[in-house]
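Protein chains in written order, with our numbering: chain A, 1 to 159; chain B, 160 to 387.
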């Protein structure tokens with residue numbers, strides 16, 4: 001495993017991440033969820049074109065269907081990511097990981113409710129981490145979680 | 160005042176010297192004759208005749224060496240006996256106090272000279288140690304200056320060597336895909352790490368700014384497991 005060269009970054013491993021990294025990670029994860037939504041629509045369109053007489057055009061569902069789809073995809077993606085490896089693709093790129101408040105792996109129930117809250121509020125409440133003395137947003141306080149720097153998997157806290 | 164230390168141990172006595180020198184010389188002679196005999200034995204006979212069994216004449220070299228060893232033993236015994244008798248005689252001769260007093264300045268002078276020798280020897284050894292690399296470099300430079308490198312290189316069969324090298328075999332042994340993969344991964348990791356480092360710097364900056372605006376004196380508690 002490649003060593004982290006920057007000394008300050010090396011020392012930051014395993015500590016709670018700041019708000020800028022968390023916001024950037026959420027933006028990237030939102031992009032990932034949107035990509036999943038588009039891929040799902042494309043697959044639906046292909047199947048619809050194969051089995052019906054409709055033309056091969058990207059499906060344009062109603063707004064409420066899109067909202068529900070995005071919500072379901074977002075919760076499923078974030079829940080599975082946080083209860084498993086502890087990181088969704090955006091968090092993985094920025095070297096962040098969601099853990100329980102004591103540093104252990106986040107349980108599936110907490111991960112689920114954290115995903116519901118994050119997707120339901122569009123992740124806007126992550127900004128509250130900026131005013132917290134412990135860099136914990138309201139999501140973390142409600143779900144007993146923390147977001148930490150972990151550039152190399154398994155290099156900072158026990159899972 | 161500490162007494163000066165004598166120079167290193169004296170050389171062996173005359174008896175020892177004769178005995179060791181003779182033994183070494185005879186030993187070297189024996190080894191050389193044995194090596195010569197072994198080499199000559201490996202050379203095949205021109206007429207192809209079978210080797211003849213050793214006769215009495217072949218015992219002559221061994222007999223000569225045995226005679227020399229016996230002579231060395233006798234000579235060293237005579238040398239040892241003479242030196243021991245001389246020492247005993249010197250011990251039994253009475254030395255009057257006057258002679259002791261007369262010899263005292265000589266002994267003092269010898270101790271002084273011994274101290275001078277000890278100091279000078281250290282300096283001499285240091286100079287010799289510094290001089291050896293100079294000699295080695297000088298000799299090496301002179302040897303290299305005498306070599307005709309162009310002629311030497313011309314005599315090397317480069318074409319034969321190059322034609323004997325199987326380039327495809329070498330390339331097949333090198334894991335080019337692995338090298339490319341490793342270098343690409345390393346470059347990607349460094350780029351991502353640089354991006355993450357910028358993120359950490361921005362996190363610290365934002366946290367410090369907000370803490371200053373809110374008049375917070377203490378640093379943030381970001382160590383995992385300590386959250387209240």
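Built from N, CA and C at the ideal position, the CB exists for glycine as well. Please read all numbers here as calculations on a predicted model, not as lab measurements.
On the DSSP bridge assignment, give the partners of residue i in chain order.
i              : result
residue 148(A) : 16(A), 97(A)
residue 105(A) : 99(A)
residue 382(B) : 15(A)
Anything in chain B within Cβ reach of residue i, meaning under 7 Å, just list it in chain order.
i             : result
residue 17(A) : 362
residue 12(A) : 359
residue 24(A) : 358
Who are the neighbours of residue i on chain A, taking C-beta pairs under 9 Å?
i              : result
residue 345(B) : 2
residue 352(B) : 2, 4, 5, 6, 9, 95, 151
residue 369(B) : 19, 130, 131
Show which residues of chain A have a CB atom less than 7 Å away from the CB atom of residue i.
i              : result
residue 355(B) : 9, 94, 95, 151
residue 379(B) : 133, 134, 135
residue 348(B) : 2
Any idea if residue i is buried or exposed, counting beta-carbon neighbours within 10 angstroms, 16 or more meaning buried?
i              : result
residue 22(A)  : buried
residue 137(A) : buried
residue 296(B) : exposed
residue 260(B) : exposed
residue 342(B) : exposed
residue 278(B) : exposed
residue 325(B) : exposed
residue 148(A) : buried
residue 248(B) : exposed
residue 232(B) : exposed
residue 336(B) : exposed
residue 338(B) : exposed
residue 150(A) : buried
residue 386(B) : Annotation note: pLDDT 49 at residue 386(B) (below 50); position unreliable, no value reported.
residue 146(A) : buried
residue 96(A)  : buried
residue 25(A)  : buried
residue 94(A)  : buried
residue 352(B) : buried
residue 17(A)  : buried
residue 250(B) : exposed
residue 184(B) : exposed
residue 383(B) : buried
residue 140(A) : buried
residue 244(B) : exposed
residue 12(A)  : buried
residue 15(A)  : buried
residue 366(B) : buried
residue 362(B) : buried
residue 9(A)   : buried
residue 160(A) : Because chain A in this structure spans residues 1 to 159, residue 160(A) falls outside the shown range and cannot be described.
residue 235(B) : buried
Run through chain A and tell me which residues come within less than 8 Å of residue i, C-beta to C-beta.
i              : result
residue 342(B) : Near residue 342(B) there are no residues of chain A at all, since even the closest Cβ is about 12 Å away, more than 8 Å.
residue 366(B) : 18, 19, 130, 135
Meets three-Cβ-pair contact criterion under 8 Å: the stretch 106 to 117 of chain A and the stretch 342 to 356 of chain B: Judged by pairs of C-beta atoms under 8 Å, the stretch 106 to 117 of chain A does not touch the stretch 342 to 356 of chain B, as fewer than three such pairs exist.
Cβ contact (3+ pairs, closer than 8 Å) linking the stretch 48 to 63 of chain A and the stretch 80 to 90 of chain A: In short, these stretches do not touch, since the Cβ pair count stays below three.
Should the stretch 125 to 139 of chain A be called in touch with the stretch 358 to 375 of chain B, which here means at least 3 C-beta pairs below 8 Å? As far as the Cβ criterion goes, the stretch 125 to 139 of chain A touches the stretch 358 to 375 of chain B, which means the pair count is three or higher.
For the stretch 82 to 93 of chain A against the stretch 26 to 42 of chain A, do three or more pairs of beta-carbon atoms, one drawn from each stretch, fall closer than 8 Å, so that the two count as touching? When Cβ pairs closer than 8 Å are counted between the two stretches, the stretch 82 to 93 of chain A is seen to touch the stretch 26 to 42 of chain A, the count reaching three or more.
Using a Cβ distance threshold of 8 Å, determine whether the stretch 99 to 111 of chain A contacts the stretch 56 to 73 of chain A, with at least three qualifying pairs required. By the C-beta criterion, the stretch 99 to 111 of chain A is judged not to be in contact with the stretch 56 to 73 of chain A, since fewer than 3 inter-stretch pairs fall below 8 Å.
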